[in-house]
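Undergrad: Numbering (our numbering), first residue to last: 23 to 319. Sending over a structure as structure tokens; questions will come in a sec.
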């Protein structure tokens, strides 16, 4: 790695640092390149988009050459081809980021996930191949904080059904984390399902880029997981009037000529069918987008 940095310094004619944490202090005249398994490269110069792409590609190839075998499963597009131990599918990748690395963190992950594969990307990052989670991600966060005395963040990806999807699955975890930061979402648990709409918009705005080209897959998942037909015209009408009245219970009840308790009952019934509590702003957006996808043929 030191040789790589010296080579880049000579070519770019500037200082270069590697930070383990992606949340480094941002300086406008610097360029920050996050490389999976390689940390964040802080280049003391503003690079063009083309320069960034070339430098990042070179760094990734150099780090992959010296990469431990196991992490190649996630960090190399063809890393799965060298895998001799059979993997169980389907799985979900859980990217567990911790502030402090310790033996306790590893022990917690091993005892929690049993025989599920755990791949260490860096001292602060582990990726668990979860076949069937024995606990919720929030419970795992609590355990890490209480027993390992470290703050943590978990990113959970889409379901993976074949080893050839592992590289793209890990890239998607990074994309989800980046989107959460971009949207100023400070949740400690970030999931594919919760970010499906932002992810789709992000991909559509980058159509043609190889790393962000799976719009059809996202739309398929959107239709399968998020678009749920209510099958009740009264409930659908109630929801639309609720939106027209800016999510206001009193005004909506008045517009529908019903008691507010009746309205609250209908909204609860809608939530039981769709999973969306449209009294919450985020769920309201997701429901309305689902409604549009279902209605527009």
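In this text, a Cβ means the ideal position worked out from N, Cα and C, and glycines have one as well.
Does residue 136 come out as helix, strand or coil in the three-state DSSP assignment?
TA: Indexing the chain shown from 1 puts residue 136 at position 114. Of the three classes helix, strand and coil, the one that applies to residue 136 here is coil, per DSSP.
Undergrad: For residue 50, count neighbouring Cβ atoms within 10 angstroms of its own Cβ and tell me buried if that reaches 16, exposed if not.
TA: For this step, residue 50 is matched to residue 28 along the chain shown. Burial check for residue 50: the Cβ neighbour count within 10 Å stays below 16, so the residue is exposed.
Undergrad: In the DSSP assignment, the alpha helix (DSSP H) including residue 286 goes from what residue to what residue?
TA: Here residue 286 is taken as the residue at index 264 of the chain shown, counted from 1. Segment 282 to 296, the alpha helix (DSSP H) holding residue 286.
Undergrad: For residue 347, tell me which candidate among 116, 140 and 31 has the shortest Cα-Cα distance.
TA: With the chain covering 23 to 319 only, the question about residue 347 has no answer from this structure.
Undergrad: Among 166, 113 and 160, which one has its Cα closest to the Cα of residue 132?
TA: Position 110 of the chain shown, counted from the start, is the residue given in the question as residue 132. Of the candidates 166, 113 and 160, the one whose C-alpha sits nearest the C-alpha of residue 132 is 166.
Undergrad: Between which two residues does the alpha helix (DSSP H) holding residue 225 run?
TA: Position 203 of the chain shown, counted from the start, is the residue given in the question as residue 225. Its alpha helix (DSSP H) spans residues 218 to 226.
Undergrad: From this set, 263, 159 and 222, which residue's C-alpha is nearest residue 315's C-alpha?
TA: Residue numbering aside, residue 315 sits at position 293 when the chain shown is read from its first letter. Answer by Cα proximity: 222.
Undergrad: Count the CB pairs spanning the stretch 136 to 147 and the stretch 64 to 79 that are closer than 8 angstroms, and state whether there are at least three.
TA: no
Undergrad: How long is the line joining the alpha carbons of residue 94 and residue 186, rounded to whole angstroms?
TA: Mapped onto the chain shown, residue 94 falls at position 72. Mapped onto the chain shown, residue 186 falls at position 164. Approximately 12 angstroms between the Cα atoms of the pair.
Undergrad: Here's the rule I'm using: 16 or more other beta-carbon atoms within 10 Å means buried, otherwise exposed. How should residue 159 be labelled?
TA: Residue mapping note: residue 159 aligns to position 137 of the chain shown, counting from 1. A residue is called buried once 16 or more other Cβ atoms fall within 10 Å of its Cβ, and residue 159 is buried on that count.
Undergrad: Between the alpha carbons of residue 300 and residue 307, how many angstroms are there, rounded?
TA: For this step, residue 300 is matched to residue 278 along the chain shown. For this step, residue 307 is matched to residue 285 along the chain shown. Going by C-alpha positions, residue 300 is about 8 angstroms away from residue 307.
Undergrad: Let's see if you can read the secondary structure: which residues bound the beta strand (DSSP E) around residue 117?
TA: By one-based count along the chain shown, residue 117 stands at place 95. Element bounds for residue 117: 113 to 120.
Undergrad: DSSP three-state call for residue 179: helix, strand or coil?
TA: Here residue 179 is taken as the residue at index 157 of the chain shown, counted from 1. The answer is strand: DSSP assigns residue 179 an E or B state.
Undergrad: Among the candidates 261, 253, 151 and 147, whose CA atom is the shortest distance from the CA of residue 134?
TA: Locating residue 134 in the chain shown gives position 112, counting from the first residue. Among 261, 253, 151 and 147, the Cα nearest to that of residue 134 is on 151.
Undergrad: Return yes when the C-beta of residue 178 is under 8 angstroms from any heavy atom of the ligand FAD, and no when it is not.
TA: Only the bare structure without any ligand can be found here, which leaves the ligand FAD out of the picture.
Undergrad: CB-CB under 8 angstroms to residue 257, same chain, minus the five flanking residues each way: which ones, in chain order?
TA: Within the chain shown, the letter at position 235 stands for residue 257. Contacts found: 288, 291, 292 and 295.
Undergrad: Could you check what DSSP says for residue 279 in three-state terms: helix, strand or coil?
TA: Within the chain shown, numbered from 1, the residue matching residue 279 stands at position 257. DSSP places residue 279 outside both helix and strand once states are collapsed to three, so it counts as coil.
Undergrad: Mind checking who residue 105 pairs with in its DSSP beta bridge?
TA: The sequence position of residue 105 within the chain shown is 83, counting from 1. Paired residues: none, contrary to the question.
Undergrad: Restricting to Cα atoms, I'd like to know which of 226, 157, 199 and 311 is closest to residue 262.
TA: Locating residue 262 in the chain shown gives position 240, counting from the first residue. When only C-alpha atoms are compared, the closest one is 311.
Undergrad: Taking its Cβ as the centre, do 16 or more other Cβ atoms sit within 10 Å of residue 260, making it buried, or is it exposed?
TA: For the purposes of this step, residue 260 is taken as residue 238 along the chain shown, with counting starting at 1. Its Cβ being crowded by 16 or more others within 10 Å, residue 260 is buried.
Undergrad: Can you list, in chain order, the residues of its chain whose CB lies under 6 angstroms from that of residue 78, leaving out five sequence neighbours each side?
TA: If you number the chain shown from 1, residue 78 lands on position 56. Once the five neighbours on either side are set aside, the close Cβ partners of residue 78 are 55.
Undergrad: Can you give the Cα-Cα distance for residue 43 and residue 318, rounded to whole angstroms?
TA: Indexing the chain shown from 1 puts residue 43 at position 21. Indexing the chain shown from 1 puts residue 318 at position 296. Caution is warranted here: a pLDDT of 48 is assigned to residue 43, below 50, making its placement in the model unreliable, and the coordinate value is therefore given only provisionally. Roughly 44 angstroms separates the two Cα atoms.
Undergrad: Look at residue 113 and residue 153 and say whether their C-beta atoms are less than 9 angstroms apart.
TA: Numbered from its first residue, the chain shown carries residue 113 at position 91. Numbered from its first residue, the chain shown carries residue 153 at position 131. A contact, by the Cβ cut-off of 9 angstroms.
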